[in-house]
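Novice: Sequences listed follow chains Z and L, in order.
In terms of the numbering used here, the first sequence opens at residue 406 and continues consecutively.
In terms of the numbering used here, the second sequence opens at residue 3 and continues consecutively.
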Amino acid sequence: MSIIEKTDFKEALTFWPRHNEALYRRLESKHAWLEDRHQGDGAPPDALDNEMVLNIGPQHPATHGVLRCAVELDGECIEKCVLDIGYLHRGVEKLAESKTYQEFMPYTDRMDYLSPYSNNVAWCLAVEKVAGIDVPERAQWIRMMMSELARISAHLLWMGVGLMDAGAVSVFLWSFQMREDLYSIFDHVTGARLTVSHSRIGGVVSDLDDTGMDMIRDFVERFPEVHAGWVKLLNRNRIWIDRNVDIGILSKEDAIELGMTGPNLRGSGIAHDIRRFEPYLKYDEVDFTIPIREEGDALARYFVRMEEMMESIKIIRQCLDKLETLKGPIRTDNAKRAYPSKNEVYYSMEGLIHDFMYTDTGVTPPKGGATYHAIEAPKGELGFYVQSDGTGKPFRVKMNTPSFTNLQGLEHMLEGGLMGDMVILIGTVDPVLGEADK
Amino acid sequence: MELAWYWTALIAFAIVNFLLVSASVLVYAERKVSGYMQNRPGPNRVGPFGFLQPFADVLKLVFKENIVPVLANPFVHSLAPMLMVVIAMGAGALIPFAHNVVIADMDVSVLVLLALTSISVYGVTLAGWSSNSKYSLLGGLRSSAQMISYELSMGLAVLSVVLIAGSLSLTEIVEDQAGGWGLLGWNVFRNPIGAILFIVTAFAETNRAPFDLPEAEQELVGGYHTEYSGMKFGMFFLAEYVNFFIASFIIVTLFFGGYMLPFEALILGAFPVLVDSAWLTVLQLGSVLVKAGFFAFVFIWVRWTLPRFKYTQLMTLGWKYLLPIALANMLLVALGVALFS
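1) Ala-740/Z to Gly-822/Z, Cα distance in whole Å?
2) Check whether chain Z comes within 8 angstroms of Leu-324/L, counting only Cβ atoms and requiring the distance to be less than that.
3) Taking DSSP as the reference, what is the three-state secondary structure of Ser-793/Z?
4) Where DSSP assigns a beta bridge to Thr-776/Z, which residues make up the other side?
5) Go ahead and pull the three-state DSSP assignment for Val-476/Z.
6) Which residues, in chain order, does the stretch 306-333 of chain L contribute to contact with chain Z at a C-beta distance below 8 angstroms?
7) So what does Lys-803/Z bridge to, in DSSP terms?
8) Hey, does Met-156/L have any beta-carbon neighbour from chain Z nearer than 8 angstroms?
9) When Cβ atoms are compared, which residues of the stretch 801-831 of chain Z fall closer than 9 angstroms to chain L?
10) In its own chain, which residues sit with a C-beta less than 8 angstroms from the C-beta of Leu-731/Z, not counting the 5 before and 5 after it?
11) With a threshold of 8 angstroms between beta carbons, is Trp-645/Z in contact with chain L?
12) Assuming Ile-718/Z and Pro-629/Z make a contact with CB atoms under 8 angstroms, what is their CB distance in whole Å?
13) Mind checking who Asp-726/Z pairs with in its DSSP beta bridge?
14) Contact criterion: CB-CB distance below 8 angstroms. Does Arg-681/Z meet it with respect to chain L?
15) Using Cβ-Cβ distances below 8 angstroms, what residues of the stretch 26-56 of chain L are close to chain Z?
16) Suppose the cutoff is 8 angstroms on Cβ atoms and the five residues either side in sequence are ignored; what does the same chain contact list for Asn-68/L look like?
17) Measure from the C-beta of Lys-234/L to each C-beta in chain Z and report whether the shortest distance is under 8 angstroms.
18) Work out the CA separation of Ser-673/Z and Glu-658/Z for me, nearest whole Å.
19) Would Met-564/Z pass as an interface residue toward chain L - the criterion being a Cβ-Cβ separation below 8 angstroms?
20) Roughly how many angstroms lie between the CA atoms of Arg-192/L and Ala-159/L, to the nearest whole one?
21) Sorted by chain position, which residues of the same chain lie with C-beta nearer than 6 angstroms to Ala-129/L's C-beta, five sequence neighbours on each side aside?
22) Taking only the alpha-carbon atoms, compute the straight-line gap between Leu-282/L and Val-244/L and give it to the nearest angstrom.
23) Select from the stretch 640-665 of chain Z all residues with a C-beta closer than 8 angstroms to any C-beta belonging to chain L, and list them in chain order.
24) Does the beta-carbon of Asp-726/Z have 16 or more other beta-carbons within 10 angstroms, so that it is buried, or is it exposed?
25) Run through chain Z and tell me which residues come within less than 7 angstroms of Glu-221/L, C-beta to C-beta.
26) Would the stretch 55-70 of chain L and the stretch 811-830 of chain Z be scored as touching if the rule is three or more Cβ pairs under 8 angstroms?
27) Any heavy atom of the ligand ADP inside 7 angstroms of the beta-carbon of Gly-785/Z?
28) Could you list which residues in chain L have their beta carbon closer than 9 angstroms to that of Ala-536/Z, in chain order?
29) Counting only beta-carbon separations shorter than 8 angstroms, does Asp-214/L have a partner in chain Z?
30) Distance, Cα to Cα, His-603/Z vs Ala-536/Z?
31) So what does Asn-460/Z bridge to, in DSSP terms?
32) Kindly give me the distance between the Cβ atoms of Ile-844/Z and Gly-617/Z, rounded to whole angstroms, as I take these residues to be in contact under 8 angstroms.
33) Helix, strand or coil: which one does DSSP assign to Lys-637/Z?
34) Which residues, in chain order, does the stretch 578-612 of chain Z contribute to contact with chain L at a C-beta distance below 8 angstroms?
35) Ignore the nearest five residues each way along the sequence and tell me which others in Tyr-777/Z's own chain have a CB closer than 6 angstroms to its CB.
36) Does the beta carbon of Met-457/Z sit closer than 8 angstroms to a beta carbon anywhere in chain L?
As structure tokens, this is what we get:
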């Protein structure tokens, strides 16, 4: 029997209608135990007592990609909400099993495409941990500085899009102007604007030159002033504050129960930041504070993110000072653990062989080795679980992505809100669907 | 002065065309101003300085396919945009552009104006309902709720002006502002609270940001005109721009001396030649245009600065703040009129 005969095509072709039906059934039955409206006394239903089921997304300008919310509306109020994700599912975790460790790294660019650098770093750190590779100091400082630039870039997009969702389109373009500068920096330092792929297992691919340092220094000089301008515009803006205050409140307990992470968790008054509590790279050597707010509403999360940008600037300043004096290799000098330098590859036989072998097989962590390593990505805890079977390819890779965990809280926030709150709340959770759907 | 019918027809023709052209100028202005506010050049490809951009836009809209949703009500679906344009243009008939340059100079033009602005909500609501789309329906609902809440305060603000002028005719309201020294006769100085109230409610009545809830691009994907395409969408677009230009004219007429030149009495005293001459009409046309142009700029300025209100905020502002203030202002103005005249 051929494989085609065995495959149940009917099952495959009817997936979509069945999925849709199940989703709407779930929406209908959600909180059903709370409602007693239908245990009537036989009286005719009230004509005004009608709920409207509205399907928001996956193609909708305010859902930040392909998030789909099926909501039940009573007038403008959202009574129930069911989220549907997976429209951008690409099977990244499974893909990793057929790639070498180094080959998989560019795939991480496509997860949280607003801060590709942090994803690269997270993956490389996880692999370095399981394979026991030491990374040179300079590479660590470069990684840290660029990750913080990525954090600013991600937060800038959050701010611009959040304001645009609220109707203030100008801020979006202002924030994109600063992001353009960041992209130029990434372009110069890594060779690509969006999919940077700059981190390598055992270090980074290229060193920072003086022009790159000057560009970053110039950005760091200019940014606080621009940021202060935005703060002045927004923090005193009655409409913006009123739209954010007291909506989507997450108490401390809720935030932990729902698995919120990153700024969403810190907005609820829990000072959890992996950079501080399980320092990786050189975060234990720099001085920065973790902004937190107690209120747990959208406004608290707004303040947390705005302040985080300035903390990142503080970290970048310290990195710049350090990189001035700290010279040295940018990749570990062990051909079994990291790519040899181009100089070696082009002008020595061993280098060429090492390069070939590293591309073909790559780094081989010990058999049975498994690790979980998390970093504080702009959106929260981004962790990779890597399990090795002793070959050049990972046996299993699992990802703990912040957008996915943060979206768990969104239903809870949306219910009881208004349609106008919906766009603000999706913005405040700040999901990137490429990451949530993996 | 009763004008011959052909003069009226000519003026009407001129004013309709003027409004149509002004809409495209405003589209250009809006895109250019927003461009400068956002540190970008704005349209600069079509024609010199991108000046032909609005015409390119209109051409594109004309050539686009007109799509009517399957479950829509085709008649109402077509009626709604026409209603919007006709009403927006209709209000142009009442505005005195210069001394004696007004199509319909009637004794109750303020009432007609309020009636017309009330009817324009039908365009939005019908468009929302007839599209048979949930987003459009929500937009239509928001619009009707918003207009009802703001019409009250708007009416009260207008009434305070009517009290001062003692007339319901727009021409007489303008003439009434000629008194006082220089600019001080203008209603904005005699009735400042009314002026602010009216400007705020004018934003709400024209569905412009920050009151653009019916067409909230982000949450409702365009609201009432989500399901419109081609020239029908173009008509909504046209109506929006004509509407806010007309609103600027009304603001000017009611509160900023209408077609009066600033310091008109002094100017006429200095140049007696001008009295009742055609030059004065031209100057007055220029004066009203400059003033209305300024307010059109304010409309654009505000739109690209402020975020949109939330539904509850909008209702709170309308009912809890504007309405009581408008009532108190009415009382104040009535007392003032009783005491000083």
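For every residue, glycine included, the Cβ atom is placed at its ideal position computed from N, Cα and C.
Being a predicted model, the structure only gives us computed values, none of them experimental.
Specialist: Well, looking at it:
1) Within the first sequence, the letter at position 335 stands for residue 740/Z. Within the first sequence, the letter at position 417 stands for residue 822/Z. Their backbone Cα atoms lie some 57 angstroms apart in a straight line.
2) If you number the second sequence from 1, residue 324/L lands on position 322. No - not a single Cβ of chain Z is within 8 angstroms of the one on Leu-324/L.
3) Sequence index remark: in the first sequence, residue 793/Z carries index 388 (1-based). In this structure, DSSP gives Ser-793/Z an extended state, which the three-state scheme calls strand.
4) Counted from its first residue, the first sequence places residue 776/Z at position 371. Answer is Val-791/Z.
5) Numbered from its first residue, the first sequence carries residue 476/Z at position 71. Of the three classes helix, strand and coil, the one that applies to Val-476/Z here is strand, per DSSP.
6) Hits within the stretch, in order: Trp-306, Thr-307, Leu-308, Pro-309, Arg-310, Phe-311, Lys-312, Tyr-313, Thr-314 and Gln-315.
7) By 1-based counting over the first sequence, the position of residue 803/Z is 398. Residue pairing for Lys-803/Z: DSSP places it in a beta bridge opposite Tyr-790/Z.
8) Taking the second sequence and counting its residues from 1, one reaches residue 156/L at position 154. It does not; no Cβ of chain Z falls within 8 angstroms.
9) If the cut-off is 9 angstroms between Cβ atoms, the stretch 801-831 of chain Z has Leu-823, Met-824, Gly-825, Asp-826, Met-827, Val-828 and Ile-829 near chain L.
10) Reading the first sequence from its first residue, position 326 is the one you call residue 731/Z. Setting aside the 5 residues that flank it on each side, Leu-731/Z is surrounded in the same chain by Glu-542, Arg-543 and Trp-546, each with a C-beta closer than 8 angstroms to its C-beta; the list follows chain order.
11) By 1-based counting over the first sequence, the position of residue 645/Z is 240. Yes - at least one Cβ of chain L is within 8 angstroms of the one on Trp-645/Z.
12) Along the first sequence, one-based indexing puts residue 718/Z at 313. Along the first sequence, one-based indexing puts residue 629/Z at 224. Ile-718/Z to Pro-629/Z, Cβ: 6 angstroms. Contact.
13) Counting from one through the first sequence, the residue named residue 726/Z turns up at place 321. Per DSSP, none; premise fails for Asp-726/Z.
14) Counting from one through the first sequence, the residue named residue 681/Z turns up at place 276. No - not a single Cβ of chain L is within 8 angstroms of the one on Arg-681/Z.
15) Residues passing the 8 angstroms Cβ filter: Ser-36, Met-39, Gln-40, Asn-41 and Arg-42.
16) Residue mapping note: residue 68/L aligns to position 66 of the second sequence, counting from 1. Excluding sequence neighbours, Asn-68/L sits near Ser-231, Gly-232, Met-233 and Lys-234.
17) Residue 234/L sits at position 232 when you count from the first residue of the second sequence. No, its Cβ sits nowhere closer than 8 angstroms to a Cβ of chain Z.
18) Here residue 658/Z refers to the residue found at position 253 of the first sequence. Here residue 673/Z refers to the residue found at position 268 of the first sequence. Here the alpha carbon of Glu-658/Z sits roughly 9 angstroms from the alpha carbon of Ser-673/Z.
19) Along the first sequence, one-based indexing puts residue 564/Z at 159. It does not; no Cβ of chain L falls within 8 angstroms.
20) Position 190 of the second sequence, counted from the start, is the residue given in the question as residue 192/L. Position 157 of the second sequence, counted from the start, is the residue given in the question as residue 159/L. Those two C-alpha atoms are separated by around 13 angstroms.
21) Walking along the second sequence from the start, residue 129/L turns up at place 127. Taken in chain order, the residues that qualify are Ala-82 and Tyr-226.
22) Residue numbering aside, residue 282/L sits at position 280 when the second sequence is read from its first letter. Residue numbering aside, residue 244/L sits at position 242 when the second sequence is read from its first letter. Leu-282/L and Val-244/L have their C-alpha atoms roughly 26 angstroms apart.
23) Residues Asn-642, Ile-644, Trp-645, Asp-647 and Arg-648.
24) The residue you call residue 726/Z lines up with position 321 of the first sequence. Looking at its Cβ environment, which holds fewer than 16 other Cβ atoms inside 10 Å, Asp-726/Z is exposed.
25) Translated into positions along the second sequence, residue 221/L becomes position 219. The answer, in chain order, is Ala-467, Met-824, Gly-825, Met-827 and Val-828.
26) By the Cβ criterion, the stretch 55-70 of chain L is not in contact with the stretch 811-830 of chain Z, since fewer than three pairs of Cβ atoms, one from each stretch, lie closer than 8 angstroms.
27) This structure lacks the ligand ADP, and indeed carries no ligand of any kind.
28) Stepping through the first sequence from its first residue, residue 536/Z is reached at position 131. The CB of Ala-536/Z never comes closer than 9 angstroms to any CB in chain L; the least such distance is about 46 angstroms.
29) The residue labelled residue 214/L in the question sits at position 212 within the second sequence. Using a Cβ-Cβ cut-off of 8 angstroms, Asp-214/L counts as an interface residue toward chain Z, since at least one Cβ of chain Z sits closer than that to its own.
30) Within the first sequence, the letter at position 198 stands for residue 603/Z. Within the first sequence, the letter at position 131 stands for residue 536/Z. Going by the C-alpha atoms only, they are around 20 angstroms apart.
31) Here residue 460/Z refers to the residue found at position 55 of the first sequence. Paired residue(s): Ala-475/Z.
32) Chain Z is shown from 406 up to 843; residue 844/Z falls before or after that span and cannot be answered.
33) Residue numbering aside, residue 637/Z sits at position 232 when the first sequence is read from its first letter. If DSSP states are grouped into helix, strand and coil, Lys-637/Z belongs with the helices.
34) Result list: Leu-578, Trp-579 and Gln-582.
35) Sequence index remark: in the first sequence, residue 777/Z carries index 372 (1-based). Taken in chain order, the residues that qualify are Gly-788 and Tyr-790.
36) For the purposes of this step, residue 457/Z is taken as the residue at position 52 of the first sequence. Chain L contact via Cβ: present.
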